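In order, the protein sequence lines correspond to chains D and H.
Each residue of the first sequence is one higher than the one before, starting from 4 at the first, in this note's numbering.
Each residue of the second sequence is one higher than the one before, starting from 4 at the first, in this note's numbering.
Don't be surprised by glycine CBs; every beta carbon is placed ideally from N, CA and C.
Note that the structure is predicted; figures quoted are calculated from it, not measured.
Protein chains: 2
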Amino acid sequence: MKSIKINTAGGESVILMGGTVDDLRERLPAKGLYIITDTNVGRIYRDIFPKGEVLEIEAGEKSKTPQVVIDLCRRMLDAGADRSSFVLGFGGGVVCDIAGLTASLFMRGVRHAFVSTSLLSQIDASIGGKNGVNLGEYKNIIGTIRQPEFVLCDHNMLATLPEEEFLSGMGEMYKHAAIRDRNLFFDLSASADRIAARDPGILGDLILRSVRIKAAIVRRDPMENGIRRLLNFGHTFGHVLEIHYGMPHGVAVARGMVIAAELSAWTGEMPHAEYRLLSVEMEKAGLIREAELPPNVIGRIARDKKSEAGSVNFVLLRAVGKAIVRRLSLTDLQAFVNYYNERKDNSQSIQQGK
Amino acid sequence: MKSIKINTAGGESVILMGGTVDDLRERLPAKGLYIITDTNVGRIYRDIFPKGEVLEIEAGEKSKTPQVVIDLCRRMLDAGADRSSFVLGFGGGVVCDIAGLTASLFMRGVRHAFVSTSLLSQIDASIGGKNGVNLGEYKNIIGTIRQPEFVLCDHNMLATLPEEEFLSGMGEMYKHAAIRDRNLFFDLSASADRIAARDPGILGDLILRSVRIKAAIVRRDPMENGIRRLLNFGHTFGHVLEIHYGMPHGVAVARGMVIAAELSAWTGEMPHAEYRLLSVEMEKAGLIREAELPPNVIGRIARDKKSEAGSVNFVLLRAVGKAIVRRLSLTDLQAFVNYYNERKDNSQSIQQGK
Numbered sequence: 004m005k006s007i008k009i010n011t012a013g014g015e016s017v018i019l020m021g022g023t024v025d026d027l028r029e030r031l032p033a034k035g036l037y038i039i040t041d042t043n044v045g046r047i048y049r050d051i052f053p054k055g056e057v058l059e060i061e062a063g064e065k066s067k068t069p070q071v072v073i074d075l076c077r078r079m080l081d082a083g084a085d086r087s088s089f090v091l092g093f094g095g096g097v098v099c100d101i102a103g104l105t106a107s108l109f110m111r112g113v114r115h116a117f118v119s120t121s122l123l124s125q126i127d128a129s130i131g132g133k134n135g136v137n138l139g140e141y142k143n144i145i146g147t148i149r150q151p152e153f154v155l156c157d158h159n160m161l162a163t164l165p166e167e168e169f170l171s172g173m174g175e176m177y178k179h180a181a182i183r184d185r186n187l188f189f190d191l192s193a194s195a196d197r198i199a200a201r202d203p204g205i206l207g208d209l210i211l212r213s214v215r216i217k218a219a220i221v222r223r224d225p226m227e228n229g230i231r232r233l234l235n236f237g238h239t240f241g242h243v244l245e246i247h248y249g250m251p252h253g254v255a256v257a258r259g260m261v262i263a264a265e266l267s268a269w270t271g272e273m274p275h276a277e278y279r280l281l282s283v284e285m286e287k288a289g290l291i292r293e294a295e296l297p298p299n300v301i302g303r304i305a306r307d308k309k310s311e312a313g314s315v316n317f318v319l320l321r322a323v324g325k326a327i328v329r330r331l332s333l334t335d336l337q338a339f340v341n342y343y344n345e346r347k348d349n350s351q352s353i354q355q356g357k
Numbered sequence: 004m005k006s007i008k009i010n011t012a013g014g015e016s017v018i019l020m021g022g023t024v025d026d027l028r029e030r031l032p033a034k035g036l037y038i039i040t041d042t043n044v045g046r047i048y049r050d051i052f053p054k055g056e057v058l059e060i061e062a063g064e065k066s067k068t069p070q071v072v073i074d075l076c077r078r079m080l081d082a083g084a085d086r087s088s089f090v091l092g093f094g095g096g097v098v099c100d101i102a103g104l105t106a107s108l109f110m111r112g113v114r115h116a117f118v119s120t121s122l123l124s125q126i127d128a129s130i131g132g133k134n135g136v137n138l139g140e141y142k143n144i145i146g147t148i149r150q151p152e153f154v155l156c157d158h159n160m161l162a163t164l165p166e167e168e169f170l171s172g173m174g175e176m177y178k179h180a181a182i183r184d185r186n187l188f189f190d191l192s193a194s195a196d197r198i199a200a201r202d203p204g205i206l207g208d209l210i211l212r213s214v215r216i217k218a219a220i221v222r223r224d225p226m227e228n229g230i231r232r233l234l235n236f237g238h239t240f241g242h243v244l245e246i247h248y249g250m251p252h253g254v255a256v257a258r259g260m261v262i263a264a265e266l267s268a269w270t271g272e273m274p275h276a277e278y279r280l281l282s283v284e285m286e287k288a289g290l291i292r293e294a295e296l297p298p299n300v301i302g303r304i305a306r307d308k309k310s311e312a313g314s315v316n317f318v319l320l321r322a323v324g325k326a327i328v329r330r331l332s333l334t335d336l337q338a339f340v341n342y343y344n345e346r347k348d349n350s351q352s353i354q355q356g357k
C-alpha cells in the first residue's frame, strides 16, 4: 500500500493506494461511525463494511439531490449521531460527493473519509475535497470544498465494475495525461490491450501516476482559483453532453475533451496534428462516441458554473500533455459550435455515401 | 465608525461598527450583487439597499429550513448568478444565518457579507462565521462555519426594533458579561434606565464592548474546539425553552443562563450568592420569564448538538464574569431538572397560598 499526502488549506488528506478495508482499523473511531453507501455497493460489500450504522441511498446520479443530503442528516440525527460522529462514504463518485457534503453540513461539519470502489472515484472524485449535489439539470451547484481525512483505493474492487463505469474512469486518466503528462498519454496508448483486460498490475501503476498528477495540482490550488481549473478540461462540453444524452460522466468528459481539443486547434492554440493524435488514440481506447452538440449549448454553458460574468474561462490544449486556460467570448464559442455541428453533418453525409 | 478585524482559519472578517450603508460602496462589487433579506426588513429599508438583485424570504425563524436555502440557490441561478457573485445578507440573525449558508453552498462558495439590522445580530449572530438552518425542531443541524467578509452594524437601525427583539439582544449582552466581563455586567445594571430608553450613545458603547468579547474568543477558536464553547452559555436549556414555548431566541437564552447559573450553584461550582446576583439583575432588566423545564428535557439535550457520545459538555459559571466547561452525566442533569421543577412547583404553591 502506498500513501499520498495532500496538505491544503482545505485540510489534510491521505490517499491509501492499493490498501484494503483491513488497513482502516486504526483510522476509524471505535464508535459513532456512519457508513453512507448505495444499493449496488451495499449488496456487494456489506459483509466487509467496518462496524457502524449503514445508511444506504439509491445507486446512480439521480441521488445527487439536496433532498438526499437532508434526508441523510435526518437519518444520522435519528440514529443518535452527534458532533463526534464520523462519516465514511463507501462507493463511487456519487456516494463520495453526497457523503462529503453530508459530513460538511451535519452540525456544521463532522469528520469524514472515503472508501473508493470505482475506477473514476479512485482516480478523481475523491481527491481534492470537492463535493456537491445537482440542482435540477445543473450539476454540483450546491456543495463545499472540504478534504476527507483519507481515501482508501482498493484496486481489487475494480474487478466487478461494469464496463461503462470502467470506461468512465479511463476517460479521466486520459484527461490527466492530456493536460499534464505526455508520457502517461503514450503509456496509456501502449498498454491499451492490458488495460482492456483489466490487468491489475498495470492499472495500479496508471492510477497512481494519475492520482499524483491531480494531487500535485490540488496541493497547489485547493480553492480552485488558478491551476486547478485545468482539471476541468473536457468538462464544459462534457456536462452538456452528459445531461442531454444521459451519457456516463467519464464518457461524456472524454467526448468533451476531444471537442475541446478541436476547439484548441480551431482557435490556433494547438497544431491540428495534436488534435488528431488525441482523438485517434482515445477512439482506439473505446472512449469516443460521436455526438452532436445539442441546441442552445452556449446558453447552457453560460449558465453552468464554469462561466463567470458573461464570458467563459475555457481549458484548451497547446499540445497533448500541456493545457492552458483562455477566456473565450460566447460569440466565438457559438461560431465554433456552428462549425463543429456542420462539419459533423458533412462527415456523416460522406460516410453514408450521400 | 470603528473597524474590528477578525482573522481566523475560517477567513478574515471586518466588523464595521456604527457605519451606514454609504460606507459599503468600495467594499461591494459593481455588479453581481445578490441581497438576501426578509419581508420586514425589505419593507423598511428597500430604498437604501445597494444596487443588486433582491431576494426576499419570509420574516421569522420558520424560514430557517434547508428548502429555503435550496430555493435561494435556485433563484440566484435563475437570475444569472455565477462563481463571481457576491451575497449580501441584509437583516437580523435569521437572514444572516440563511444568507451565510447560501453563500457557503452556492457553486461551492461565493463571497458574502452582512448588514446587521437587529441588536441580536449586531452583537452576536453575524460574528464568528457560524450559519445554519433547522431540521424540524432541531436547531442549526445543517450549516457551515465561514466568515463573512464584513459585517456592517448601523446602530440607527435599532430605533425601529420591536421590544421583544430588543430584549433578545440584551440577553446576549448579559451573556457576554456573565461569561467574561464582570465590569460589563455591573455597567449593564447601572445603565438599565438609559438602555430601556434606547439611548444610542450607551448602546453603541455596550455593543462594541460585547462584540470585542466575542471577537476575542472567536479569533482564538474559529472551529469551536475550545474556549468558544463558552459562548454556548445558556443555550442548552435555552434551545429547549425556545422550541417548547416558542420564546424568542435571546429571551430563551436569558432564561437558560439563569437556569445554568442555578445549576452551577447546585453542582457547587459557584457560590449561591452569585446566582442570586445574576438572576436579580437580569429580572430587573425585564429579561426573565418564569418557565418550567418541559418533559423529556434530558432526551432533547442528549440529541441536541451540544451533546457528544452520551454525556454532555455544559457551560457553567464560577462567578458572574467567569465561565467554564464541565462534563456532566445525563443522570446528574436529570437530578438537577427534578430539583429545579419541584422547587418551582413549591414556590408557585407558596405564592398561591397553598
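With a threshold of 9 Å between beta carbons, is D:Thr147 in contact with chain A?
The displayed structure is made up of protein chains D and H, and chain A is not among them.
Own chain residues within Cβ distance below 6 Å of H:Arg329, not counting five before or after
Phe317, Leu319
For H:Gly96, which option in H:Leu80, H:Ile73, H:Asn134 has the closest C-alpha, if you only look at C-alpha atoms?
H:Asn134
Since H:Ile230 and H:Arg222 are thought to touch, with beta carbons under 8 Å apart, how far apart are those beta carbons, to the nearest angstrom?
About 10 Å separates the two Cβ atoms, so there is no contact after all.
What residues from the region 105–134 of chain D come within 9 Å of chain H, judged by C-beta to C-beta, listed N to C?
Ser107, Leu108, Phe109, Met110, Arg111, Gly112, Lys133, Asn134
In terms of residue numbering, what span does the alpha helix (DSSP H) encompassing D:Ser267 cover?
252–269
Return the first residue and the last residue of the beta strand (DSSP E) that D:Lys217 is part of.
Counting along the chain, D:Lys217 falls outside any beta strand (DSSP E), though it belongs to the alpha helix (DSSP H) covering 203–223.
Under the three-state reduction of DSSP, which class applies to H:Ala288: helix, strand or coil?
coil
With a cut-off of 9 Å, does the C-beta of D:Ile101 fall near any C-beta of chain H?
no
List the residues of chain D that H:Tyr2 touches, going by C-beta distances under 8 Å, in chain order.
The structure shown has nothing for residue 2 of chain H, since chain H only spans 4 to 357.
Distance, H:Gly92 Cα to H:Ile39 Cα
5 Å
Apart from the five residues just before and just after D:Asn159, which ones in its own chain have a Cβ nearer than 8 Å to its Cβ?
Thr23, Pro203
Mind pulling the chain D residues with CB within less than 9 Å of H:Cys76?
Pro69, Leu138, Ile144, Ile145
So D:Ala326 packs on D:Phe236, CB below 8 Å; how close in whole Å?
5 Å
Comparing C-alpha positions only, which one of D:Lys54, D:Ile301, D:Met260 sits nearest to D:Glu29?
D:Lys54
How about D:Glu227: is its C-beta nearer than 9 Å to some C-beta of chain H?
yes
Nearest-angstrom Cα separation, counted from D:Leu336 out to D:Ala193
34 Å
I need the straight-line Cα distance from D:Val113 to D:Thr68, nearest angstrom please.
20 Å
Would you say D:Gly83 reaches chain H, if we count a Cβ-Cβ gap shorter than 9 Å as a contact?
yes
Can you check DSSP and say which residues form a bridge with H:Gly94?
H:Ser119
By a C-beta neighbour count over all protein chains shown, 10 Å radius and 16 as the cutoff for buried, is H:Val283 buried or exposed?
exposed
Do you know offhand how far D:Ala305's Cα is from H:Leu80's?
11 Å
What separation, rounded to the nearest whole angstrom, lies between the Cα atoms of D:Ser267 and D:Asp100?
31 Å
Tell whether a beta-carbon distance below 9 Å holds between H:Gly35 and H:Asp85.
yes
Give me the Cβ distance between H:Lys8 and H:Gly131, rounded to the nearest whole Å; I'm assuming they're in contact under 8 Å.
In fact, because the Cβ distance is near 14 Å, the residues do not count as touching under 8 Å.
CB contact flag (D:Leu234, D:Ile182, <9 Å):
yes
Tell me the rounded alpha-carbon separation between H:Glu56 and D:Asp184.
44 Å
Strictly under 9 Å for the Cβ-Cβ distance: is D:Arg306 near chain H by that measure?
yes
List the DSSP bridge partners of H:Leu358.
Nothing about residue 358 of chain H can be read from this structure; chain H reaches only from 4 to 357.
Test item: CB-CB of D:Ala288 and D:Ile205 under 9 Å:
no
Would you report the Cα separation of D:Glu358 and D:Leu108, rounded to the nearest angstrom?
This structure does not reach residue 358 of chain D, given that chain D is present from 4 up to 357, and the question cannot be answered.
Whose CA, out of H:Met173, H:Glu152, H:His252, lies closest to the CA of H:Leu161?
H:Met173
I'd like to confirm the pairing. Which residues does DSSP put opposite H:Tyr141 in its beta bridges?
H:Leu138
Does the CB of H:Ile220 have a neighbour CB from chain D at under 9 Å?
no
Where does H:Arg30 sit, in a helix, a strand or coil, going by DSSP?
helix
Verify whether the separation of the beta carbon atoms of D:His115 and D:Val136 is less than 9 Å.
no
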